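Participant:
Protein chains: 2
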Amino acid sequence: MTDVGAFSYPGLERLFHERGRLAICTCLIAHPNGLSFTELQAACELTDGNLNRHLHALSEVGVVTTEKQRGSRRSLTVYRITKRGRARFLAYVDALESVVRDVHERSSAATVGNRLATT
Amino acid sequence: MTDVGAFSYPGLERLFHERGRLAICTCLIAHPNGLSFTELQAACELTDGNLNRHLHALSEVGVVTTEKQRGSRRSLTVYRITKRGRARFLAYVDALESVVRDVHERSSAATVGNRLATT
Chain A
138 MTDVGAFSYP GLERLFHERG RLAICTCLIA HPNGLSFTEL QAACELTDGN LNRHLHALSE
198 VGVVTTEKQR GSRRSLTVYR ITKRGRARFL AYVDALESVV RDVHERSSAA TVGNRLATT
Chain B
138 MTDVGAFSYP GLERLFHERG RLAICTCLIA HPNGLSFTEL QAACELTDGN LNRHLHALSE
198 VGVVTTEKQR GSRRSLTVYR ITKRGRARFL AYVDALESVV RDVHERSSAA TVGNRLATT
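Have a look at this one:
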């Protein structure tokens, strides 16, 4: 009835699919000059612990880089998305886009000549 | 620098965002007359345990219904997406679509006049 694996969506990389990571990467793509931990936290509304964990995971695989900048009083860590990370994340977003297209096509095709559950 | 919560994406309902659930719901939307456990499993490439857990969670909140159909030899359980579940899932997909649009807009805006990290 259905093709094997037709809905398994292997292009949706787990690395990016978690909502917090999707937020962090989009935010860093919008700010290629980098953001501080506090700025990222405010924009993505993540807890300290969660943001820390996600940044660590993304840094480990080379998607995010950190740079310590010396300020007048104290040093500031700036987080950036790398070129490689950007390309990889945009490929994930393309996969996301094709899922959206898939849902639209299949939902409109399915309503023609089929009955829906009534609850 | 960034708006508070600008990237928090509250529309991305956790109920649907997990890749397996996204697969199950799209698959059920494409098959409004319902599918058996085996058919769902093949289409979504999920393990017994994972598919069971997701179907249970989706049933608990009224997104999926189960119906036992009597066959000549044994009964067959058929899984369907409910009308309410369909509407709720399509709202989630709309949110997903706006994230994709957001990434496209922000990534093209950001490349103008900004430098990218070079690694």
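If you're matching them up, the sequences are chains A and B in order. Each position in the first sequence, counted from 1, maps to that position plus 137 in this note's numbering. Each position in the second sequence, counted from 1, maps to that position plus 137 in this note's numbering. For every residue, glycine included, the Cβ atom is placed at its ideal position computed from N, Cα and C. Keep in mind that this is a model prediction, so the values were computed, not measured.
1. For the alpha helix (DSSP H) containing E216(A), list its first residue and its last residue.
2. Label H119(A) either buried or exposed according to how many other C-beta atoms from any shown protein chain fall within 10 Å of its C-beta, with 16 as the threshold for buried.
3. I'd like to check one pair, L192(A) with Y216(A): are the Cβ atoms closer than 8 Å?
4. Assuming the contact rule is C-beta atoms closer than 8 Å, T214(B) and G199(B) should be a hit. Round their C-beta distance to whole Å, please.
5. Straight-line CA distance for R238(B) to L165(B)?
6. Which chain B residues are close to G142(A), counting only those with a beta carbon under 9 Å from its beta carbon?
7. Within a Cβ cutoff of 7 Å, which residues of the same chain sit near A180(B), ignoring the five residues on either side of it in sequence?
8. May I ask you to check if the CB of L192(A) is nearer than 7 Å to at least one heavy atom of the ligand MN?
9. Count the other CB atoms within 10 Å of the CB of A246(B); is the residue buried (16 or more) or exposed (fewer)?
10. Beta-carbon within less than 6 Å of R190(A)'s beta-carbon, same chain only, minus the 5 sequence neighbours each way: which residues are those?
11. For E204(A), which residues from the same chain have a beta carbon less than 6 Å from its beta carbon, with the 5 sequence-adjacent residues on both sides left out?
12. Tell me the start and end of each unbroken alpha helix (DSSP H) in the segment 145-227 of chain A that is at least 4 residues and wholly inside, in chain order.
13. Would a C-beta distance cut-off of 8 Å place L195(B) and R158(B) closer than the cut-off?
14. Rounded to whole angstroms, what is the Cα-Cα separation between G186(A) and V236(B)?
15. Consider the Cβ of E197(B): report whether some Cβ of chain A lies at a distance smaller than 8 Å.
16. Roughly how many whole angstroms lie between the Cα atoms of G148(A) and E242(B)?
17. Do F153(A) and A160(B) count as a contact pair if the criterion is CB distance below 8 Å?
18. Is R156(B) near Y229(A), with beta carbons less than 8 Å apart?
19. Is G171(B) buried or exposed, if buried means 16 or more other CB atoms sit within 10 Å of its CB?
20. Report yes or no: is there a C-beta of chain A within less than 8 Å of the C-beta of L227(B)?
21. Which bits of chain A does T203(B) rub up against, with CB to CB less than 8 Å?
Facilitator: In short:
1. The count along the first sequence starts at 1 and reaches residue 216(A) at position 79. Residue identity check: residue 216(A) is Tyr in the sequence provided, not Glu. Premise fails: Y216(A) lies in the beta strand (DSSP E), S212 to I218, not in any alpha helix (DSSP H).
2. Not covered by the structure: residue 119(A). The range shown for chain A is 138 to 256.
3. The residue labelled residue 216(A) in the question sits at position 79 within the first sequence. The residue labelled residue 192(A) in the question sits at position 55 within the first sequence. Yes, the Cβ-Cβ distance between Y216(A) and L192(A) is below 8 Å.
4. Counting from one through the second sequence, the residue named residue 214(B) turns up at place 77. Counting from one through the second sequence, the residue named residue 199(B) turns up at place 62. So it is not a contact: roughly 17 Å between Cβ atoms.
5. Looking up residue 238(B) in the second sequence gives position 101. Looking up residue 165(B) in the second sequence gives position 28. Near 26 Å, if we compare the C-alpha coordinates of L165(B) and R238(B).
6. Against the first sequence, residue 142(A) aligns to sequence position 5. Going along chain B in sequence order, the residues near G142(A) (Cβ under 9 Å) are A179, A180, C181 and E182.
7. Sequence index remark: in the second sequence, residue 180(B) carries index 43 (1-based). If we look at A180(B) and ignore the five residues flanking it on each side, its Cβ neighbours are C164.
8. No copy of the ligand MN appears in this structure; indeed no ligand is present at all.
9. Residue mapping note: residue 246(B) aligns to position 109 of the second sequence, counting from 1. The residue in question, A246(B), is exposed, as its Cβ has fewer than 16 Cβ neighbours within 10 Å.
10. Counting from 1 along the first sequence, the entry for residue 190(A) is found at position 53. Contacts found: none.
11. The residue you call residue 204(A) lines up with position 67 of the first sequence. Cβ within range, chain order: V215.
12. 151-154, 156-167, 174-181 and 185-197
13. The residue given as residue 195(B) occupies position 58 in the second sequence. The residue given as residue 158(B) occupies position 21 in the second sequence. Yes, Cβ-Cβ distance for L195(B) and R158(B) is below 8 Å.
14. Residue mapping note: residue 186(A) aligns to position 49 of the first sequence, counting from 1. Residue mapping note: residue 236(B) aligns to position 99 of the second sequence, counting from 1. Looking at the two C-alpha atoms, the distance is approximately 24 Å.
15. Within the second sequence, numbered from 1, the residue matching residue 197(B) stands at position 60. Closer than 8 Å: no.
16. On the first sequence, position 11 is the one that residue 148(A) refers to. On the second sequence, position 105 is the one that residue 242(B) refers to. Taking the straight line joining both Cα atoms gives about 21 Å.
17. One-based indexing of the second sequence puts residue 160(B) at position 23. One-based indexing of the first sequence puts residue 153(A) at position 16. Result no, Cβ atoms of A160(B) and F153(A) do not sit closer than 8 Å.
18. The count along the second sequence starts at 1 and reaches residue 156(B) at position 19. The count along the first sequence starts at 1 and reaches residue 229(A) at position 92. Contact flag unset, no.
19. On the second sequence, position 34 is the one that residue 171(B) refers to. Per the 10 Å Cβ criterion, buried.
20. The count along the second sequence starts at 1 and reaches residue 227(B) at position 90. Output row for L227(B): interface = yes.
21. For this step, residue 203(B) is matched to residue 66 along the second sequence. Ordered by position in chain A, no residue passes the 8 Å Cβ test against T203(B), which lies about 10 Å from the chain.
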